[in-house]
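Protein chains in written order, with the numbering used here: chain F, 181 to 576; chain B, 181 to 576.
Beneath this line is the structure, given in structure tokens, with notes to follow.
There are 2 protein chains.
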Amino acid sequence: MITFKEAYQKVLAHPIDLGTENVSLLNSLNRILAEDIYADRDFPPFDRATKDGVAIQFSDFVNNGHSFKIEGVAAAGVIQQVLKDKNNCLEVMTGAVVPLHCDTVVMYEHITIEGGKVTINEKVNKGQNIHYQGSDEKVGALLLSKGKKISPAEIGVMATVGKVTVKIKGNPKICTIATGNELVEVNETPRPHQIRKSNMLTIESALLSSKIEASSLHLLDDKKEIERELEKALQDNDVLLLSGGVSKGKFDFIPEVMESLGVEKVFHRVLQRPGKPFWFGIHHKMKTVIFSFPGNPVSTFANYHLYFLAWLQTSWQLPLDNSYIKLSAAIKITQPLTRFIQVSTEVKEGMFWATPVVENGSGDLTSLAKADGFICLEPRNKEYEVGEAVPFVKTR
Amino acid sequence: MITFKEAYQKVLAHPIDLGTENVSLLNSLNRILAEDIYADRDFPPFDRATKDGVAIQFSDFVNNGHSFKIEGVAAAGVIQQVLKDKNNCLEVMTGAVVPLHCDTVVMYEHITIEGGKVTINEKVNKGQNIHYQGSDEKVGALLLSKGKKISPAEIGVMATVGKVTVKIKGNPKICTIATGNELVEVNETPRPHQIRKSNMLTIESALLSSKIEASSLHLLDDKKEIERELEKALQDNDVLLLSGGVSKGKFDFIPEVMESLGVEKVFHRVLQRPGKPFWFGIHHKMKTVIFSFPGNPVSTFANYHLYFLAWLQTSWQLPLDNSYIKLSAAIKITQPLTRFIQVSTEVKEGMFWATPVVENGSGDLTSLAKADGFICLEPRNKEYEVGEAVPFVKTR
């Protein structure tokens with residue numbers, strides 16, 4: 181058996197090339213940008229009025245009670261207007277181009293208009309209330325770098341520069357595979373010895389949270405069927421995520437069948453709890469990566485988040501998320517197993533706290549709904565202390 | 181003008197009834213549960229073997245070198261097997277029902293099998309390796325409470341209890357409305373005085389992140405058109421989110437038209453930056469709530485997150501998220517404006533830090549992509565200090 185750290189490194193050493201996709205702007209939300217985005221023009225693209233009021237040409241007389249005759253109106257969305265006489269002004273609206281021969285905007289709140297004439301009631305500074313062309317970004321400036329996760333803010337930036345279609349990192353083609361004769365569909369009433377499929381639906385929805393639509397399979401404990409179905413699944417997918425069938429049971433055919441189908445076993449069994457029987461392999465010719473998780477729901481869920489998501493980040497060539505969280509209770513972790521412990525979390529006064537969830541072993545599916553993530557603790561002689569920061573992987 | 185706190189309270193004082201929807205299990209992901217979920221049977225539903233090995237009836241002779249003849253195999257997914265002779269054993273697989281007359285499971289790693297006989301090589305404890313019926317949850321136990329956000333873990337729990345259809349809180353019907361003659365579509369090449377629409381695409385994608393699909397409108401600065409379109413929009417929607425048209429400009433018709441259409445202005449203008457001209461109203465008869473945000477991108481984005489999302493939580497009858505984050509730099513906030521300041525965030529050693537983003541005013545769209553959220557600071561005489569925890573609203 182290998183340690184968690186060794187297993188983790190071996191998983192990360194097998195990324196695959198996920199390529200890129202082109203999608204429409206809104207469909208790129210929550211995906212990973214695969215191109216750099218540049219300013220197609222200056223931002224703002226013109227000297228832009230930031231207040232409603234009047235545009236003037238600043239002179240020494242401005243602050244001396246001078247009145248300005250209104251020549252006209254510069255609205256937003258029309259071409260640049262021209263001030264003909266520097267003793268006059270133009271009304272100007274927020275978002276409008278500052279008129280030619282004007283260099284200063286005075287807002288309505290600071291003026292009085294009477295008989296077509298404007299009197300300024302507050303001190304004016306030359307150049308005020310103008311958002312100058314190119315002052316945010318110059319044409320050609322790098323606005324977003326590839327590798328960035330696309331949130332609503334990035335959608336806004338890309339809309340502004342006219343990105344109708346966005347190049348994003350590709351998703352792996354994934355099949356989630358439940359194994360075991362004891363499983364029935366969610367819409368069936370299980371007989372006393374049966375249970376409903378839930379593990380792989382949990383994983384399917386976790387993938388959906390990462391914007392990945394996976395296919396799914398259910399394999400019965402029948403070696404011939406497993407062979408036939410796995411062979412097809414290996415051909416059709418980049419990644420297989422399995423749950424169950426990797427322990428020492430008489431019907432745990434997965435490792436044996438995988439190897440007979442040409443999958444290289446990278447490792448089987450890790451010094452960790454939950455999820456000791458985790459099996460990981462790769463089919464070099466078909467370029468398929470196989471994560472075969474133990475069937476207990478907490479095991480599957482922990483291993484998905486700890487190994488698969490880190491593998492996915494690596495395949496997308498993104499840095500790994502290294503979060504730490506403070507322990508609200510002391511924990512002793514004895515040799516030799518690395519422990520993944522479900523915790524609920526709380527942010528208090530800018531500090532991020534984890535409290536272990538009371539659970540009844542790795543088969544306790546209902547405990548998952550009480551947790552916000554896993555802390556990952558290496559075995560050590562010294563107790564983990566209250567307030568100590570430990571590695572954390574969030575699950576919601 | 182009213183203060184931010186007053187405005188915030190007024191917005192929260194106008195929730196609407198969003199009802200409930202029934203959706204298929206996977207479609208409930210990231211929505212809000214609107215029913216309590218109970219255990220339909222004990223969890224686990226039977227005494228379940230947690231290891232592959234042999235099931236025995238524990239007796240005094242077990243730890244005295246006794247050998248057990250194998251009567252047969254109890255696989256997962258078959259009805260409960262029966263041990264006929266208590267001197268014998270049955271092979272048993274993880275997930276199988278522990279056979280009748282057996283009370284203990286010994287894993288393969290701890291036994292030797294030779295000539296159909298099992299010898300136990302390690303000390304056995306009565307009852308070991310069994311996940312007892314009902315030990316996680318008893319039939320009828322409350323597993324999930326209404327009001328919970330549905331993450332993959334909740335999908336798993338609901339799958340287990342056979343929830344094919346899930347009752348969730350309803351979404352408001354929302355129209356996002358961009359205003360202004362200066363705006364052109366994302367796929368158009370703007371003329372020098374024009375800009376592409378980006379504000380409301382940002383908001384549309386933010387809504388999509390909350391699993392809300394909104395419709396959209398673009399209103400030109402034409403009072404008749406605004407009247408016609410807004411009247412229809414008020415009828416067809418629960419919420420209108422507008423950007424622009426609420427300042428003091430000659431073409432800022434929104435407040436005037438809203439009131440002429442029977443919308444009660446709850447407030448207009450708030451002592452805050454960005455977003456001072458924020459206008460909020462309600463059409464009592466049509467039960468439509470109107471958030472009319474100022475048109476600057478940072479203003480729209482801040483007010484959406486600070487006001488609209490809090491209003492949505494309240495309409496869903498959920499508690500408000502009160503996050504605090506530590507400041508990495510000192511900030512002075514002078515009277516009288518509450519400030520929303522864009523920050524990037526970092527979790528370091530279990531502490532959550534905010535660093536203000538360098539931005540060029542509320543028109544600086546590109547700054548949004550540098551930020552992870554807003555801190556919300558009330559004006560005060562004392563400087564906000566490094567390490568002080570301040571209210572935080574995340575935007576990605």
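Every residue, glycine too, gets a C-beta built ideally from N, C-alpha and C.
When the alpha-carbon of I462(B) is set against those of A193(B), V319(B), E526(B), M181(B), the nearest one is in A193(B).
Restricting attention to alpha helix (DSSP H) runs no shorter than 4 residues, the stretch 397–478 of chain B encloses them at 403–416, 434–440, ordered along the chain.
For K404(B), no chain F residue has a C-beta closer than 8 Å to its own C-beta; the minimum C-beta separation is roughly 16 Å.
Residue burial annotation: H464(F) is exposed, with fewer than 16 other C-beta atoms found within 10 angstroms of its C-beta. For Y504(B), the enclosing beta strand (DSSP E) covers residues 503–507. Between the alpha carbons of Y484(F) and K506(B) lies a distance of about 32 Å.
Residue range 489–495 is occupied by the alpha helix (DSSP H) that includes Q493(F). Residue-level contact check: H311(F) touches chain B, since one or more beta carbons of chain B fall below 8 Å from its beta carbon. With a beta-carbon spacing of about 6 Å, Q237(F) and D283(F) fall inside the 8 Å limit used to define contacts.
Here DSSP, grouped into helix, strand and coil, assigns A549(B) to helix. Straight across, the Cα-Cα distance linking E565(B) with S315(B) is about 50 Å.
Bounds of the beta strand (DSSP E) holding A358(B) are 354–359. Not a single C-beta of chain F is nearer than 8 Å to the C-beta of L492(B). The C-beta separation of A482(F) from P454(F) comes to about 6 Å, placing the pair in contact by the 8 Å criterion.
What E317(B) touches in chain F, judged by beta-carbon distance under 8 Å, is T546, going in chain order.
Using a 10 angstroms sphere on the CB of E271(F), the tally of other CB atoms reaches 16 or more, which defines it as buried. Counting along the chain, the unbroken beta strand (DSSP E) around Q522(B) starts and ends at 518–528. Looking at K190(F), E186(F), I406(F), the one whose alpha-carbon comes closest to that of E444(F) is K190(F).
Per the Cβ contact rule, the stretch 359–369 of chain B is not in contact with the stretch 241–260 of chain B (fewer than 3 Cβ pairs under 8 Å). CA-to-CA, the gap between V234(B) and V285(B) works out to about 6 Å.
Here S204(B) carries a strand assignment [DSSP, helix/strand/coil]. A buried status is given to G257(F), since no fewer than 16 other beta-carbon atoms sit within 10 Å of its beta-carbon. Of the residues N561(F), A549(F), S524(F), the one whose Cα lies closest to the Cα of I555(F) is S524(F). Below the 9 Å Cβ cutoff, chain B contributes V527, G530, M531, F532 as neighbours of F532(F), in chain order.
At least 8 Å separates the beta-carbon of P332(B) from that of T356(F). Fewer than three Cβ pairs drawn from the stretch 403–410 of chain F and the stretch 368–378 of chain B lie within less than 8 Å of each other, which leaves the two stretches out of contact. At a Cβ-Cβ threshold of 8 Å, F473(B) and L414(B) do not count as neighbours. Burial check for N502(B): the Cβ neighbour count within 10 Å stays below 16, so the residue is exposed. Under the DSSP assignment, S385(F) falls in the alpha helix (DSSP H) whose first and last residues are 379–389.
Boundaries for T340(F): no beta strand (DSSP E) harbours it, while the alpha helix (DSSP H) harbouring it runs 332–340, taken from the DSSP string. Counting the other CB atoms within 10 Å of its CB gives P499(B) a total below 16, which places it among the exposed residues. Per DSSP, reduced to three states, the secondary structure at Y312(B) is coil, with no helix or strand assignment. In this structure, T340(B) sits near L545(F), with a CB-CB distance shorter than 8 Å. With a threshold of 8 Å between beta carbons, M466(F) makes no contact with chain B.
Taking 8 Å as the upper bound on Cβ-Cβ separation, chain F lies near residues T369, P370, R371, P372, H373, Q374, I375, R376, K377, S378, N379, L381, T382 of the stretch 369–382 of chain B. DSSP lists V234(B) as the beta-bridge partner residues of V286(B).
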